[in-house]
Structure formats: C-alpha cells, structure tokens
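Number of protein chains: 4
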Amino acid sequence: MTDQGLLLVFDQTVSRAGVDGWIRHLESAGAPTQAYRLGSSLVLPVSDVDVLDTAGPDLPAPTRQAPRVVGASLWSRELRPAGTRVTLGPTTIGDGSVAVIAGPCAVETPEQMMTTAAAVAEHGAVGLRGGVFKPRTWPYSFQGLKWDGLDMLVQARERTGLPFVTEVAEPEHVKRLAEVVDGFQIGARNMQNFALLSAVGQSGLPVVLKRGFGCTVEETLAAGEYLLHEGNDQVVLCERGIRTFEPSARFTLDVTAVAVWKQRTHLPVMADPSHSGGRPELVEPLSLAAVGAGADALLIDVHVQPELALCDGNQALRPPQFAGLMARLASAAAGLGRQLSRADSNGARASTTGERA
Amino acid sequence: MTDQGLLLVFDQTVSRAGVDGWIRHLESAGAPTQAYRLGSSLVLPVSDVDVLDTAGPDLPAPTRQAPRVVGASLWSRELRPAGTRVTLGPTTIGDGSVAVIAGPCAVETPEQMMTTAAAVAEHGAVGLRGGVFKPRTWPYSFQGLKWDGLDMLVQARERTGLPFVTEVAEPEHVKRLAEVVDGFQIGARNMQNFALLSAVGQSGLPVVLKRGFGCTVEETLAAGEYLLHEGNDQVVLCERGIRTFEPSARFTLDVTAVAVWKQRTHLPVMADPSHSGGRPELVEPLSLAAVGAGADALLIDVHVQPELALCDGNQALRPPQFAGLMARLASAAAGLGRQLSRADSNGARASTTGERA
Amino acid sequence: MTDQGLLLVFDQTVSRAGVDGWIRHLESAGAPTQAYRLGSSLVLPVSDVDVLDTAGPDLPAPTRQAPRVVGASLWSRELRPAGTRVTLGPTTIGDGSVAVIAGPCAVETPEQMMTTAAAVAEHGAVGLRGGVFKPRTWPYSFQGLKWDGLDMLVQARERTGLPFVTEVAEPEHVKRLAEVVDGFQIGARNMQNFALLSAVGQSGLPVVLKRGFGCTVEETLAAGEYLLHEGNDQVVLCERGIRTFEPSARFTLDVTAVAVWKQRTHLPVMADPSHSGGRPELVEPLSLAAVGAGADALLIDVHVQPELALCDGNQALRPPQFAGLMARLASAAAGLGRQLSRADSNGARASTTGERA
Amino acid sequence: MTDQGLLLVFDQTVSRAGVDGWIRHLESAGAPTQAYRLGSSLVLPVSDVDVLDTAGPDLPAPTRQAPRVVGASLWSRELRPAGTRVTLGPTTIGDGSVAVIAGPCAVETPEQMMTTAAAVAEHGAVGLRGGVFKPRTWPYSFQGLKWDGLDMLVQARERTGLPFVTEVAEPEHVKRLAEVVDGFQIGARNMQNFALLSAVGQSGLPVVLKRGFGCTVEETLAAGEYLLHEGNDQVVLCERGIRTFEPSARFTLDVTAVAVWKQRTHLPVMADPSHSGGRPELVEPLSLAAVGAGADALLIDVHVQPELALCDGNQALRPPQFAGLMARLASAAAGLGRQLSRADSNGARASTTGERA
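Protein chains in written order, with our numbering: chain A, 1 to 357; chain B, 1 to 357; chain C, 1 to 357; chain D, 1 to 357.
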C-alpha cells in the first residue's frame with residue numbers, strides 16, 4: 001500500500017503563484033500533476049521524485065513532504081500530523097475529547113424526537129442523531145419519515161442547542177438537506193456509492209462516513225478520499241461493525257480499525273456500538289473498548305421507548321441507561337487523560353469554548 | 001425466515017375485479033393488503049390467514065397459494081414453480097440452457113470493444129458485457145468512458161447481433177440508458193443502493209443484480225424484491241464472490257448461494273467467475289463449478305489485450321482461452337442434460353428461436 | 001442456545017448424601033442425571049423440570065437454580081454470579097484487577113528468558129509467558145526448545161517470583177509439565193483438541209484457553225466445558241483475534257466476545273493483543289480496548305531484542321515500550337474503577353521482590 | 001509465497017550415492033541441506049542457488065528442478081507434474097476418475113453400518129466412511145463407539161469389498177488403527193494438530209486431510225507438508241467448507257480452493273458437500289460444483305435412517321437419494337471427459353464384488 005511517489009504540502013503561507021510554479025515545473029519535466037486542497041493547505045502529488053532535483057531556486061519550499069499511497073492520499077496523517085478537527089455546529093470532534101452523538105435510530109414522531117433529544121442533551125451528548133431517510137434491507141420496512149422528519153430534527157436542535165447529523169442516501173437530496181443539517185451521515189450500505197460521496201464532498205459540510213460492513217480499512221480510506229478530493233476535509237471515519245462468521249452479536253466491532261485509522265490518518269474516528277452489537281447490554285463495553293482503541297467520538301442509539309421503535313429498537317438504550325453510560329465514559333476518558341466533550345450548557349454553547357480548544 | 005402469512009397468486013385468467021374483491025374483503029376483515037404484479041400474475045400477501053375462512057363464494061379462487069417470508073416475497077419459487085425466463089434481446093436466460101455473456105470489464109476504445117465483441121460472438125457468447133460507468137474504489141482510477149462509451153457498445157451489438165448489459169450506478173442515469181441498453185447490471189457495491197434499485201425496477205428492463213461481497217444470500221433476495229416490487233420480474237441474481245478470510249483468490253465464489261437461490265427462487269442465477277477468482281486460470285474451474293451448482297448464466301471478462309486493459313485486465317481471458325472455455329462448457333452442460341445457449345448465427349438471430357424455447 | 005432444562009446447584013453446605021438423594025430421586029422418576037463438580041459446589045442437570053414437583057421434603061434444597069444451555073453448562077454465570085478467581089501461583093485472575101502476563105513468544109536462550117522476565121517483572125507484570133512447545137504452521141519453522149526450555153522458565157520464576165504459563169500441545173505432555181508449570185496455555189489451533197482439553201482439565205491446574213481463530217464464542221464455551229467437566233474450574237478464556245476478511249492486521253480482535261463472555265460466564269477473560277494485532281504499535285490500543293470491554297487479564301509478547309526473535313518477533317514490545325504500556329494501563333484501569341494487579345499486593349509472593357518494586 | 005530457493009528432484013534412476021554427493025557438495029559450499037523422500041524420488045532443497053554453479057561434473061543431474069516456496073514444498077505440482085495417485089485398498093484416487101467415498105457420519109450399530117455400506121456399494125461408491133472417534137463440540141454429545149465401532153467397519157469392508165477411511169483424533173491411536181484401516185481421515189478441527197499429523201505421516205497409510213474451517217488454502221498445504229515430510233505421499237486434500245458471514249448453509253464450500261490446490265499441488269483433492277452444506281438438498285449441487293472445479297473425489301454422508309442418526313443426521317442422504325446423485329455424477333463426469341471410479345474396474349478388487357455390480 002505504498003507507491004514510489006511523494007506529496008508536497010504547501011500551507012497558506014505559500015502563495016498560490018508559487019504552487020503554480022511547481023505545477024508548471026513538474027509539467028515541463030514530464031511529470032504533470034494537479035493540486036488538491038486540504039483545508040488551507042495545497043497538496044501536490046509527485047510521481048517521479050527525481051524531478052525535485054531540477055526544481056529551480058525560485059520555487060517555494062514545501063511546508064512538508066510525505067510519502068504517498070495512491071493519488072493524493074489526502075487522508076494521510078503525515079499531511080497533517082496534528083490531526084483534523086471537525087466542526088459540527090458548536091461541537092468539535094477530533095480535539096482530544098470524547099464526543100458523544102446520540103438519539104433515535106429513526107425519527108418517528110415530534111414527541112419521540114424531542115423527548116429523546118432532551119434526555120441525551122441532559123446527560124451530556126454534544127450532538128443528536130436521527131434518521132429520516134432510512135435505507136432498509138426489505139422494501140416493506142419503515143423507510144423513514146423522509147422530508148417530514150427533518151423539521152423534528154430542527155426543533156430538537158432548537159430546543160437543546162445541539163447540532164444534528166442525519167443520513168443522506170441519494171445524491172439529489174444533498175443540496176436540500178445541506179440547507180438544514182449540521183452534518184451528514186453516509187451509511188454503511190452507501191460507503192461505496194461514489195456519486196453520493198462526491199455530492200456530499202462538494203457540500204463542504206461535516207460528514208460521518210460509516211464503514212461498509214463488508215469493506216476493508218483501506219477501502220474506507222478510499223471512500224474518504226472521494227470526500228477529501230472535493231476539498232472537504234470535515235470527514236469523520238466511523239467503525240460500525242463488520243461481517244464475520246461470529247453470530248453472537250449483530251456485527252463484530254473492529255477496534256483494530258479504529259487504532260489503524262488513528263495511526264495512519266489525520267481524520268477523527270467515531271464508533272457506533274449500537275449498530276455493531278445490536279443489543280443494549282453490549283453498548284457500554286463496546287463504547288469503552290472503542291474509546292480505549294482511540295475513538296474520538298461515539299454514535300449511540302437512544303430511545304425513550306425502545307419497545308415501540310420502528311427501527312432497530314432492540315439495540316437502543318433508554319435514557320437512564322444512557323446516563324449510566326455517560327458517567328462511566330467520563331471516568332474512563334479521565335483514565336486515558338481525556339475528557340468527555342461537553343456542551344457549555346443545555347442549549348447555550350458559546351462560540352469560544354475554551355475547554356474544547 | 002418465514003412468518004405466518006400467506007400469498008395468494010392470481011394468474012391472468014382471474015379478473016382484476018376479482019382480485020379487487022379480495023382486497024376489499026381483506027380490508028373489511030381488518031387485514032388490509034395490496035396487490036403486487038409478478039409478470040402477468042397478481043400476488044396478494046395475507047398476514048392473517050384466518051380471514052380466508054370468511055371469504056364469500058363470489059371471490060375467485062387463487063391460482064395458487066404459497067407461504068410468505070416477508071412482504072410479498074415476490075422472488076419465492078412457490079409463486080412460479082416453472083421459473084422465470086429473462087429476455088435479453090434475442091437471448092433468453094433461465095430456459096434451462098447455459099447462457100454466456102462476455103466482453104471486456106470496461107469499454108475502452110472502439111477497436112477494443114469491437115474486436116472483443118466479434119471474438120466472443122464467434123466463440124458462442126449470447127450477450128455482451130462492457131462497463132462505461134465504472135465505480136472504482138479510488139477516485140484516481142479510470143472511471144469509464146461514461147456516455148462516450150455507450151456508442152461503442154451499440155456498435156458492437158450491431159456488428160454481432162448480440163444484446164448487451166452494462167452497469168448503471170446512478171438513479172438519474174436509468175432513463176437515458178434505458179433507451180439504449182438491452183439490460184442493466186447493478187454492481188456489487190450498489191446492491192443496497194435502494195434508490196437505484198427502484199429506478200431500475202421501474203425501467204422494466206432486464207437486470208443482472210450482483211450480490212454485494214459483504215451481503216448475505218437473503219439480503220440479495222431483499223434487493224431483488226426492490227426490483228420485483230416495482231413490477232419488474234426480469235431479474236437475474238448474480239453471485240460474484242464474497243469476502244472471506246481466504247487470501248488465495250480475489251473473492252470466494254459462493255456456489256452454495258447459487259444452489260440456494262435456484263431452490264428458493266424462481267429467478268435465473270448467474271455467476272461471475274472472472275471477478276470472483278481474479279485470475280484467468282481460475283475462470284474455467286469456477287465456471288464449471290457454478291454450472292454444476294445450477295447457474296443459468298455466466299458473466300466472463302474477455303479482452304483482446306489484457307495487458308493493456310484499464311480495469312481488471314489481470315483477470316480477463318484472451319479470445320483463444322475463451323474459445324477453450326466455451327468448448328469445455330458445452331461438453332459439461334451436455335453432461336448435466338443441458339446445452340449452451342446459442343445465437344442462431346453470428347449476427348442473424350431470428351426472433352423465433354425454437355431451440356431456445 | 002437454551003434448552004428446557006435446569007441446573008440445581010448445591011454448595012458445600014449441602015451433604016453429598018443429600019445430593020445422592022436427588023440423583024436417586026431423579027433416576028427413579030425416569031430422569032437420570034449425574035453430578036458435576038464446580039469448585040466446592042455440585043451441579044445437577046435436570047432435563048425434565050416436572051420431576052422437581054415430586055421431590056420429597058427430605059431432599060435438601062439446592063443453593064440456587066439456573067437455566068441450562070446444554071449438558072451442565074458449567075460455565076454459566078448463573079451458577080456462580082460472583083465470578084471465578086483463578087489462582088496462578090501468587091497471582092489471582094478474576095478479582096476485578098487487571099492482570100498482565102508477559103514474556104517472549106518463545107523461550108530461546110537462558111539470557112533472553114531471564115532478561116525479559118526481569119524486565120517485565122520490573123514494570124509490573126504479575127505472570128510470565130514463554131513457549132517451549134511451539135505449534136508452527138510449517139514443519140520447517142522453529143518448534144521451540146521443548147523440554148530444554150522448561151528450566152529457563154523455572155529459573156525466570158525463581159528470579160522474579162512470578163508464576164508462568166506455557167503452552168501444552170500434546171495430551172501426553174500434560175503430566176510431566178504439570179509438575180513444573182503454574183498454569184497451562186492451550187493454543188488457538190488446539191482449542192478443539194478434545195483429548196488435550198480433557199487431559200489438561202484433569203490436571204486441575206489453571207489454564208488459559210485461547211479461542212480458535214475460526215471458532216465462535218459459543219464453541220469456546222464448549223471447549224471450556226471440556227475443562228470444567230473434569231472438575232477443573234481454573235479456566236481463563238482468552239480472545240486472541242479471529243479470521244476475517246480484513247487484512248490490515250494479523251487477526252481481528254473480537255472485543256464483543258470479551259463482553260459476551262463476561263456477561264454470560266463466571267470465568268475470567270483474557271485478551272492477547274500481541275498475537276491479534278501482530279504489530280507492536282497496535283498492542284497499546286488493543287490492550288486498552290480489551291480492558292474497556294471488560295478483560296480481566298492481558299497476555300503480552302515482550303522481547304529484549306525482537307529483531308533476533310525466532311518466533312513472532314515482529315509483534316513483541318521492547319521493555320521500554322512495555323513500561324509505557326503498563327503506565328497507560330494503570331491509569332486506564334483507574335478510570336474504570338479498577339487497578340492493575342500487583343505482584344507484592346497479592347500476598348504470599350517471595351521475598352525477592354525488591355527488583356519488582 | 002515464494003522464496004529464492006530451488007528444489008532438486010532425483011528420481012529412482014539416480015543413485016543415493018549421487019544424492020549424497022550433492023548433499024556433501026552443498027554442505028562444503030556453505031549451504032547445508034537434507035534430502036526428503038517423495039514416493040520413489042528424493043528432493044533436495046537448495047537455498048543458495050549460486051552453489052549450483054560450482055557443482056562438479058561427477059554429480060548426477062537432477063531429474064527436474066522446481067522453485068520452492070518454503071522448506072521442501074513437497075506438495076508442489078512442479079515436483080510431480082503428472083499428479084499423485086493415492087491407493088486406498090483397491091481404489092485409486094487421483095487417476096482422473098471421480099471417486100466417491102460414502103457412508104454414515106458415525107458408526108452406530110452393526111446393522112446401520114452394514115446396510116448403509118451395502119447400499120452405497122450397490123450404487124457405486126468405491127470406499128466407505130464411518131466415524132468411530134467423533135470429536136464433538138460439546139462434551140455431552142455422542143463421541144462415537146470408539147474401538148467397538150471399528151469391527152463394524154471391518155465387517156462392512158468384508159461384505160462389500162470396499163476400503164474404508166475413518167477419523168483419527170489422537171496420535172496414540174494411530175498405530176492400533178493402522179493395523180486395520182485402509183486410510184485415515186484427519187478432521188477439520190485437527191488440521192493443525194501437528195503431533196497427530198506427524199504420527200499419521202509416519203504410518204505411511206493414505207490420509208484424507210480435511211481443511212480447517214478457519215484455515216487458509218496455504219495453511220492446508222503446510223499441514224499436508226507435515227504428512228509429506230515424514231515420507232508419506234498418500235495425501236488427499238479435502239475441502240469441507242469454511243466459516244464465512246453467510247448463514248444460509250452450515251459452511252461455505254470453497255470451490256476456489258479445490259481449483260487452486262489442483263493447479264498448485266500434485267495431490268488429489270476431495271470435497272465433502274455433506275458437512276459443508278449441512279442439508280441433503282445441497283449435496284447434489286455442491287457435489288457437481290466440486291467436480292466441476294476439479295475434485296478427484298467426494299465424501300458423502302449416507303444413512304439408512306437419517307432421522308435416527310446420532311450425529312449430523314440432518315445432512316445425510318438416504319440410499320435412493322444417493323443413487324440419484326451417483327447417476328447424475330456419472331453423467332456430469334462424462335461431460336468433463338472423466339468417469340466415475342468403479343469398484344470392479346480398479347483391478348485387484350476381491351472376487352466378492354458381485355453385489356457391487
């Protein structure tokens with residue numbers, strides 16, 4: 001998983017003209033390339049390393065160099081050793097804290113969404129989840145409230161002050177959703193829906209990219225590259241369990257993937273213990289395991305009445321269980337020299353949250 | 001994988017009014033349902049079997065009854081015990097013969113497509129393959145010629161008289177492609193792209209549905225149900241290898257899936273030994289294995305110059321290898337009491353192909 | 001995974017005569033059974049629950065009842081809700097602390113074993129590991145020093161005061177090894193070597209039972225039952241990674257298995273992040289993940305010169321890395337309300353513990 | 001999976017003195033090696049290919065050379081391009097025909113074994129199977145009749161003239177069994193029980209080596225090497241299904257493994273569709289698939305009364321189903337230019353073959 005190429009990184013102190021000089025030099029040397037944007041930096045992939053020797057003294061020195069894996073490898077940790085912070089409304093993911101995003105699997109009713117949102121906000125979640133477009137295995141299953149459900153998420157955000165993420169499943173939904181949502185979620189079944197990835201990349205909004213349950217760690221990076229490639233670096237990689245021969249849980253949470261992504265990429269990593277384990281009693285141990293492996297964030301299904309849920313209710317925590325989880329997580333994070341990400345207060349986060357810097 | 005429901009099947013001899021009578025009866029009995037079309041039949045799912053006892057004598061008797069798994073289970077073999085024939089231009093898949101669809105993984109140039117098409121037609125293929133929209137793991141890989149490639153497929157069809165299938169990856173491409181193609185292919189990475197499934201289902205055109213490499217036999221049925229559910233019964237299920245721990249081939253061809261689908265569904269089953277094995281020397285044994293397990297059709301990568309291919313060239317057969325495969329398949333099919341599906345002649349298939357009836 | 005039977009548990013306050021009365025009663029009622037020993041308790045499986053109604057008043061009441069899964073289900077948490085403590089020389093596994101067993105994959109030389117043992121003891125390990133019988137995939141690989149290596153383990157124990165476990169691979173080795181070792185290890189490839197399980201069970205010594213990399217959570221319980229069934233309750237279940245499609249690490253550590261075993265059994269659970277991840281940089285995140293999921297113990301490969309190791313050197317930690325791991329683990333354990341198991345706090349450890357302070 | 005070494009093969013026309021000359025030469029040149037026996041040939045692994053240049057003219061030329069993978073790679077097809085024939089009593093496996101070994105999963109009673117044996121012989125099996133030592137997942141399951149069952153196999157052999165294979169699970173059973181059995185079977189759970197492999201290798205008897213359900217194609221070769229390494233080339237590799245995420249059958253039959261082994265090794269390959277599929281209706285399609293992929297032999301569970309079987313009865317064929325399978329296989333084999341192995345055409349079979357006509 002390496003080729004012989006190199007990546008030249010130029011931060012914002014380098015002029016665009018200087019970068020264009022490099023592009024012209026490489027082209028004239030028979031190694032044409034193009035620049036990719038990574039936040040405020042520009043990345044130039046170089047396939048023929050020898051051409052660096054012939055660069056004239058007028059060309060600006062790159063801020064850093066890194067080996068490349070394929071293309072521009074925009075996820076590579078060596079491009080941004082300090083890591084990427086993803087800004088989800090007032091919440092930051094990737095600042096060293098543990099951010100918990102919680103809510104129902106699917107938005108069902110205004111009451112269900114509002115009471116669940118209030119409960120998770122009360123117990124320390126810093127973001128909401130709730131699906132309105134629900135890709136389902138069988139066509140006969142509840143497919144979500146679609147556009148009707150979006151308002152309920154907006155109201156829950158207004159009530160709690162917490163940002164929300166929601167799944168987008170079709171490229172043509174991206175623009176309309178982008179006007180409202182704080183962040184997108186791309187589901188496991190769509191991880192290699194490349195048209196969707198490109199559209200979401202172009203939105204520039206934060207995106208939680210869930211690993212396909214049959215896809216590798218590297219394929220997840222490749223899917224992330226589709227997003228980054230569009231100039232969107234607000235990407236969170238999410239491990240949600242893979243398919244294995246083991247039947248004792250719904251999926252097998254691959255904590256090794258969490259560790260590998262943290263080591264190899266600059267992107268924040270999330271884990272979804274609810275969809276992975278598929279049972280409430282597995283959520284706490286899997287959450288603690290994921291945080292132990294280095295996860296920056298967790299995505300937790302919570303429902304005020306799981307027995308009435310229209311989707312995956314059998315894995316949701318009730319609010320008191322969620323409160324217990326949060327207490328346990330706070331203590332565990334401290335043991336790892338970290339802390340739970342906290343909203344400033346219930347509904348009133350300041351824009352300058354010093355403790356999350 | 002069974003619930004307590006029942007499916008009532010009404011063939012074209014039963015009036016729509018009679019079916020509507022059943023729908024009203026079930027609704028009034030507190031078990032509302034809706035009719036689904038399966039070819040010229042209508043299928044009524046009944047969740048509460050007891051309500052059959054109260055049906056009046058004026059209601060027409062169903063042509064057959066079958067247990068249901070979920071929803072309308074439109075793939076269930078019990079709905080159509082004789083099996084479904086899929087009509088791909090002049091070619092029939094599912095009539096007991098072995099149909100071979102062959103061609104390059106990706107359409108690259110007019111010459112490459114034409115010479116490959118001519119070669120596979122000469123050696124007995126009854127359909128062409130060739131991708132113009134190529135979903136690729138990395139954004140930097142060749143993504144297909146897109147619309148420009150479509151003409152090359154059309155020309156190859158004109159030259160050889162063979163129908164072609166090509167992959168569709170975005171719902172909004174369906175209508176434009178449907179004007180030209182003989183059949184669609186839905187790729188493994190899109191098997192659970194439900195918007196795409198619905199759009200392709202609505203087209204009414206034949207579709208080769210490739211199993212996702214991380215998806216189960218049952219999930220493939222569920223994806224097929226999305227197509228059938230739109231009234232399109234021209235569905236071919238395609239096994240193309242699954243992800244396992246075994247690294248000695250690209251994927252593990254699951255011939256058990258072929259056997260299970262043949263036993264449980266009325267849909268024809270195809271296998272793709274090229275993408276599964278990933279090496280030319282595995283194509284023949286995997287083809288013979290798939291046919292042994294009951295496959296109705298094979299999808300084979302052939303390229304006149306595999307070493308120059310822009311996509312998956314390392315798995316393509318050269319024309320002479322393909323000729324050898326076809327000879328071997330013809331003999332093996334005979335041993336199974338079957339025969340290779342044959343076009344009437346190179347380029348001149350009559351519309352009344354008695355031998356394929 | 002449940003049948004209709006029941007388990008009657010009689011602790012040591014119940015006379016053997018009383019249990020024999022139950023056995024006679026059940027036999028006369030047409031439901032013969034036999035008693036199994038679980039520590040100081042006796043367990044009577046009852047297949048026909050109705051026969052309990054006819055038990056006379058002279059029969060002693062069982063201490064507790066539990067549903068059974070199969071046979072006597074001697075691993076079931078309901079038989080011993082407080083959990084089992086496994087006593088490995090002066091070390092206890094399963095008392096709530098986190099016990100770290102460390103050492104080289106294979107014993108190679110007296111110096112290698114002694115220096116490694118001294119290092120891991122200094123940094124807080126409470127047990128030693130080191131293989132002398134090494135099952136290897138190919139017959140040409142180093143197969144261990146066999147009996148010659150055993151003395152080196154003994155000397156390391158004398159020097160450090162730490163108990164050791166070592167792998168046993170053949171039933172006929174059990175007795176001779178049992179005279180010397182503190183505990184056995186059964187390797188992943190032998191998890192279903194039932195003759196070996198029986199022999200080790202009969203030894204009564206502690207045993208670390210490694211899950212086969214292709215075996216399920218439930219099959220591991222079944223293998224554990226072979227040990228328990230012989231009256232040996234000193235069993236530690238060890239997760240060491242399973243085979244999946246994911247190639248980015250040697251195996252996929254299944255932390256869900258750790259959680260499930262903790263919830264369903266009374267046995268302590270260990271994890272082996274070294275063999276699972278196969279790379280030094282994965283040992284710390286996988287260790288923290290396993291402890292987060294509830295592991296009672298860790299098995300860590302440490303080598304003073306990994307580059308010279310004859311077996312799996314590429315996954316071993318160097319002593320300074322191990323020291324860093326232990327510091328991190330101590331803090332993480334505190335965050336979980338636990339602590340690292342410590343050699344000198346376990347009581348009866350030898351007086352020569354100065355170097356381990 | 002290749003190193004830089006070479007294998008020198010000397011057939012029986014080369015004197016042992018000549019081979020010893022090579023060994024001395026290589027030793028004196030600083031590349032010591034040892035000779036391995038492969039049937040009547042000797043194989044010399046050479047790690048440093050340069051030393052061949054300095055070999056004197058007095059050293060005999062090797063019969064052939066081959067690249068080596070590891071050690072002596074005694075399974076490599078290049079060592080014996082014509083393939084190995086395994087002689088199981090009067091039956092030959094690996095001569096191009098399709099050999100069917102059939103019988104009950106477990107020997108249960110004299111009547112069950114005898115009637116099943118007579119039935120499978122009547123319908124064309126050329127060998128019997130029947131387990132007397134049954135490794136079982138749970139200690140409470142029927143573990144086989146052990147030594148008592150062996151006589152029943154012997155009697156079935158006497159009655160039918162067919163050789164039998166039976167599973168051996170413990171090294172110390174090998175010698176006693178070797179006095180009676182025609183061939184050994186090593187079960188999937190013991191594929192990496194290396195002490196067992198060595199003992200069976202030393203017996204020199206034919207052995208069916210079943211692939212572990214969590215083991216790779218290459219690990220199976222390595223296990224075979226343990227047998228070959230002892231000078232025993234009478235090894236049949238057996239694919240019996242692997243563990244995957246797919247739950248629709250008991251295991252996933254890996255026909256790619258069959259093809260890869262046929263291409264890479266000189267050993268005959270068997271498949272076990274009964275244990276793989278786990279259901280009678282899957283036996284025929286999986287058998288045909290395996291033969292299509294190149295299998296030399298099949299191992300089929302047959303039971304006269306599956307509903308009474310003590311082990312895996314739910315996958316056994318009844319005799320009439322077996323007869324149908326054999327007819328179908330005969331035709332399919334013909335289509336592949338092969339034929340079913342027949343008891344009376346194998347030559348030296350006993351005169352009491354009347355009932356097998």
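Ideal Cβ placement from N, Cα and C applies to all residues, glycine included.
What is the rounded straight-line gap between the Cα of residue i and the Cα of residue j?
i, j, result
"C:L253", "A:T137", "28 Å"
"C:G347", "C:R77", "At C:G347 the pLDDT is 40, less than 50, meaning the model places this residue with poor confidence and gives no usable figure here."
"B:G337", "B:G294", "12 Å"
"D:E133", "D:W147", "This sequence places Phe at residue 133 of chain D; Glu is not what is there. Each residue's alpha carbon lies about 8 Å from the other."
"C:L304", "A:A72", "What sits at residue 304 of chain C in the sequence shown is Val, not Leu. Looking at the two C-alpha atoms, the distance is approximately 39 Å."
"A:P306", "A:G96", "32 Å"
"D:A119", "B:M326", "38 Å"
"C:V255", "A:D296", "18 Å"
"D:L227", "A:G277", "42 Å"
"A:L8", "B:A178", "45 Å"
"B:A29", "B:S248", "58 Å"
I need the boundaries of the alpha helix (DSSP H) containing residue i, first residue and last residue.
i, result
"A:L196", "194-203"
"C:A297", "Not the alpha helix (DSSP H): C:A297 falls in the beta strand (DSSP E), residues 297-301."
"A:A332", "319-335"
"D:G21", "16-28"
Taking C-beta pairs closer than 7 Å, name the residues in chain B that residue i reaches, listed in chain order.
i, result
"A:H229", "P139"
Note down, in chain order, every chain B residue with its Cβ under 9 Å from the Cβ of residue i.
i, result
"A:P135", "Q192, N193, F194, A195"
"A:G71", "W138, P139, Y140, S141"
"D:Q263", "E281, L282, P285"
Could you give the residue range of the beta strand (DSSP E) that holds residue i?
i, result
"B:D398", "What the structure shows of chain B is the stretch from 1 to 357, and residue 398 of chain B is not part of that stretch, so it cannot be assessed."
"B:A271", "269-271"
"D:E167", "164-167"
"B:L145", "B:L145 -> no beta strand (DSSP E), and no H or E assigned at all."
"A:R37", "36-38"
"A:L88", "86-88"
"A:R211", "Premise fails: A:R211 is in no beta strand (DSSP E) and is neither H nor E."
Using a cut-off of 7 Å between C-beta atoms, extract the partners of residue i located in chain C.
i, result
"A:T220", "Result: empty, since nearest Cβ-Cβ is about 10 Å, beyond 7 Å."
List, in chain order, every chain B residue whose beta-carbon is nearer than 8 Å to that of residue i.
i, result
"D:V255", "L253, V255, P285, L286, A289"
Taking Cβ-Cβ distances shorter than 7 Å, what residues in chain A pair up with residue i?
i, result
"B:R176", "Near B:R176 there are no residues of chain A at all, since even the closest Cβ is about 15 Å away, more than 7 Å."
Closer than 8 Å by beta-carbon distance: list the chain C residues that pair up with residue i, in chain order.
i, result
"D:C215", "G214"
Hey, is the segment 11-18 of chain D in contact with the segment 35-45 of chain D, meaning 3+ C-beta pairs nearer than 8 Å? yes
With 9 Å as the limit, tell me which residues of the segment 154-168 of chain D have their beta carbon closer than that to any beta carbon of chain A; keep them in chain order. none
Is there contact between the segment 51-68 of chain B and the segment 117-124 of chain A, where contact requires at least three CB pairs shorter than 8 Å? no
If we count Cβ pairs, one from each stretch, closer than 8 Å, do we get three or more for the segment 314-333 of chain A versus the segment 283-301 of chain A? yes
What residues in the segment 304-320 of chain C bring their beta carbon closer than 9 Å to a beta carbon of chain A? none
Quick test of the definition: if touching needs 3 or more C-beta pairs under 8 Å, does the segment 232-249 of chain D touch the segment 260-273 of chain D? yes
Could you list the residues in the segment 195-211 of chain C with a C-beta less than 9 Å from some C-beta on chain B, going in chain order? none
Any 3 or more C-beta pairs closer than 8 Å across the segment 212-227 of chain C and the segment 186-201 of chain C: yes
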